[in-house]
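Residue numbers (this note's numbering): 74 to 684. Quick notes on the structure that follows.
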């Protein structure tokens with residue numbers, strides 16, 4: 074294959090892969106979507122070419138229009154560092170080549186047997202269809218709480234049959250077998266709670282009922298299988314392990330994976346013992362659900378690139394997988410551009426280790442966890458990883474695990490998040506840890522929609538994770554669950570050394586929040602109709618002082634704060650334990666404009682420490 078790139082405009086058809094040399098230093102491998110093995114075969118051919126020819130050039134794997142269903146995740150570990158070759162994986166027509174980890178669902182039959190009809194709600198009888206996944210060769214269904222099979226119809230994930238159909242119901246009370254109190258909030262460690270009404274009585278005949286709820290805090294959720302329903306005492310008992318934070322009266326939940334609640338179009342249920350999938354299609358597809366492109370996810374992931382450099386992925390649509398769609402690990406100069414990543418069970422894209430990788434000008438949505446996770450660099454030396462997410466539209470993520478799965482997660486050192494639109498999500502837009510990140514030019518709106526006491530941009534509880542700048546972003550319409558209030562930029566629990574400068578906040582309940590940290594700067598921002606534009610407190614001099622005993626000092630010890638790299642940037646950090654460590658020193662609030670709403674909320678104990 075080494076001579077292929079030098080023989081000019083020659084195409085060699087090999088099964089579903091065609092090879093051609095279009096320039097003296099380019100090779101194009103065209104992949105047709107007619108065989109599951111075709112994509113992997115093209116990758117293998119490209120790898121052999123790169124290994125056998127040291128003159129270098131570009132190998133392009135070009136996916137023809139259509140749906141490519143590989144039999145396993147595509148694995149790429151070349152070109153190696155120092156190679157004269159570059160690899161491109163592209164769509165022949167932008168966003169017309171789909172890489173799917175799913176299987177089309179066929180063999181639909183309308184449900185007519187009396188036993189099943191009796192289990193269905195009356196309004197759904199005669200409108201529910203059934204397909205046998207076992208006949209399609211599928212036996213591994215996983216759990217309904219995430220990481221298992223999902224059902225997609227008309228390019229969207231469908232809803233596991235649930236109650237209520239929208240929103241949540243409230244916990245009437247907890248049983249109180251192991252009570253506790255957190256600053257006046259009373260809860261119970263044991264997952265037994267009282268429900269209202271008689272609805273759960275119908276769930277007692279279900280094979281595998283689950284609940285998902287915000288059991289104690291408004292910013293932490295969990296999925297539980299139901300272990301027992303006491304219809305006399307109106308008590309639901311979940312199976313352990315119980316939620317880490319316990320359970321509290323008034324918190325909210327819903328029940329799901331219930332055939333008896335399959336009562337409206339777009340809901341589905343899978344009997345994981347028999348493999349029978351039940352679906353209530355929309356009215357337009359009641360004559361034949363196959364017209365709506367029904368698909369179940371089979372593969373865990375779609376593309377893994379690791380230990381390589383100079384790899385570009387352009388114009389592809391990645392969809393229908395159970396875990397992270399695309400992962401990039403220990404690579405350099407490797408990126409996705411102009412792609413769509415959707416309908417994944419976990420993250421859209423994860424980039425770990427390496428440097429100078431990213432996701433650009435892509436759409437990421439309908440994801441079970443977060444959008445893009447970027448982690449790189451060395452915190453001990455403060456060497457940047459220089460990964461980036463630029464120009465993306467990221468929305469409707471966190472649909473399975475809603476909390477702490479942000480649109481973009483930044484970790485390590487020197488991550489750039491720029492000019493993205495991050496919106497319509499249950500929790501954070503950007504969650505970060507580490508040092509020296511830059512978040513610039515993003516539009517962030519309608520996030521934290523299912524949580525309270527949460528931040529659109531968030532980090533917390535660390536003296537050492539300094540140097541991040543949040544600049545020239547537009548935050549708007551961020552008000553929390555039931556409009557109870559959330560934060561634009563939330564520096565939680567003594568977080569330090571962050572600059573919030575030149576941003577526009579509009580209709581954000583609390584815009585800039587400094588929760589007891591030091592050396593933070595809030596400068597040159599404009600706040601419009603924000604209830605409490607800027608908040609600063611001194612919590613470590615009060616209720617949060619216990620974090621100074623272990624958590625904060627341990628995180629201080631984890632990095633070399635006395636090294637030249639650290640003292641040259643953060644000169645006062647090494648002495649923090651001898652400098653009133655609980656005091657919010659060095660914060661600067663200056664040259665901001667507030668229009669409407671309320672300007673400030675400064676705790677009196679914090680004011681003496683302002684610069």
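Note that the Cβ used here is the ideal one computed from N, Cα and C, for glycine as well. Values in this document were obtained by computation on a predicted structure and should not be read as measured data.
Can you give me the C-alpha to C-alpha distance between residue i and residue j, rounded to a whole angstrom?
i, j, result
"residue 116", "residue 202", "40 Å"
"residue 188", "residue 198", "11 Å"
"residue 457", "residue 568", "20 Å"
"residue 262", "residue 328", "20 Å"
"residue 245", "residue 251", "17 Å"
"residue 481", "residue 395", "19 Å"
"residue 182", "residue 279", "22 Å"
"residue 208", "residue 398", "26 Å"
"residue 352", "residue 143", "26 Å"
"residue 364", "residue 225", "13 Å"
"residue 706", "residue 184", "An answer regarding residue 706 cannot be provided, because it is not within the stretch 74 to 684 covered by the chain."
"residue 493", "residue 359", "39 Å"
"residue 667", "residue 610", "19 Å"
"residue 462", "residue 162", "19 Å"
"residue 112", "residue 141", "8 Å"
"residue 149", "residue 376", "8 Å"
"residue 530", "residue 438", "19 Å"
"residue 491", "residue 306", "54 Å"
With DSSP collapsed to three states, give me the class of residue i.
i, result
"residue 488", "coil"
"residue 329", "strand"
"residue 477", "coil"
"residue 672", "strand"
"residue 395", "coil"
"residue 298", "strand"
"residue 667", "strand"
"residue 457", "strand"
"residue 342", "strand"
"residue 420", "coil"
"residue 269", "coil"
"residue 182", "strand"
"residue 102", "strand"
"residue 356", "helix"
"residue 568", "coil"
"residue 433", "strand"
"residue 561", "strand"
"residue 449", "strand"
"residue 277", "helix"
"residue 348", "coil"
"residue 307", "coil"
"residue 678", "coil"
"residue 519", "coil"
Taking 8 Å as the cut-off, is the beta-carbon of residue i closer than that to any non-hydrogen atom of the ligand ADP?
i, result
"residue 115", "Among the components of this structure there are no ligands whatsoever, and the ligand ADP is therefore not found."
Identify the continuous beta strand (DSSP E) that holds residue i and give its terminal residues.
i, result
"residue 283", "283-287"
"residue 125", "First-last for residue 125: 111-125, but that is the alpha helix (DSSP H), not the beta strand (DSSP E)."
"residue 158", "158-164"
"residue 637", "Segment 637-640 is the alpha helix (DSSP H) holding residue 637; no beta strand (DSSP E) there."
"residue 253", "252-255"
"residue 609", "604-610"
"residue 377", "376-379"
"residue 259", "258-261"
"residue 107", "No beta strand (DSSP E) holds residue 107; DSSP gives it neither H nor E."
"residue 406", "405-410"
"residue 512", "511-513"
"residue 580", "577-581"
The alpha helix (DSSP H) spanning residue i covers which residue range?
i, result
"residue 187", "187-192"
"residue 630", "624-630"
"residue 202", "Not the alpha helix (DSSP H): residue 202 falls in the beta strand (DSSP E), residues 202-205."
I think residue i touches residue j, with their Cβ atoms under 8 Å apart; what is that distance to the nearest whole Å?
i, j, result
"residue 540", "residue 642", "7 Å"
"residue 571", "residue 564", "6 Å"
"residue 326", "residue 284", "5 Å"
"residue 685", "residue 441", "In the structure displayed, the chain extends from 74 to 684; residue 685 sits before or after that span and is not available."
Should the region 184-193 be regarded as contacting the region 332-340, the criterion being three or more beta carbon pairs within less than 8 Å? yes
Meets three-Cβ-pair contact criterion under 8 Å: the region 466-476 and the region 655-675: The region 466-476 vs the region 655-675: no contact.
Does the contact criterion of 3 or more C-beta pairs under 8 Å hold for the region 335-349 versus the region 309-323? no
So, do the region 603-613 and the region 576-588 have three or more beta carbon pairs nearer to each other than 8 Å? yes
With a threshold of 8 Å, are at least 3 pairs of Cβ atoms found where one atom belongs to the region 669-676 and the other to the region 552-564? no
Counting pairs of beta carbons, one from the region 363-382 and one from the region 151-159, are three or more of them closer than 8 Å? Under the 8 Å Cβ criterion, the region 363-382 counts as touching the region 151-159, having at least three qualifying pairs.
State whether the region 434-450 contacts the region 408-425, with contact taken as three or more CB pairs (one from each stretch) at a distance under 8 Å. Below 8 Å, enough C-beta pairs join the region 434-450 and the region 408-425 to call them touching: three or more.
For the region 287-305 and the region 505-519, state whether three or more C-beta atom pairs, one from each stretch, are separated by less than 8 Å. no
Determine contact between the region 219-238 and the region 428-437, defined as no fewer than three beta-carbon pairs at a distance below 8 Å. no
Quick test of the definition: if touching needs 3 or more C-beta pairs under 8 Å, does the region 129-138 touch the region 369-380? no
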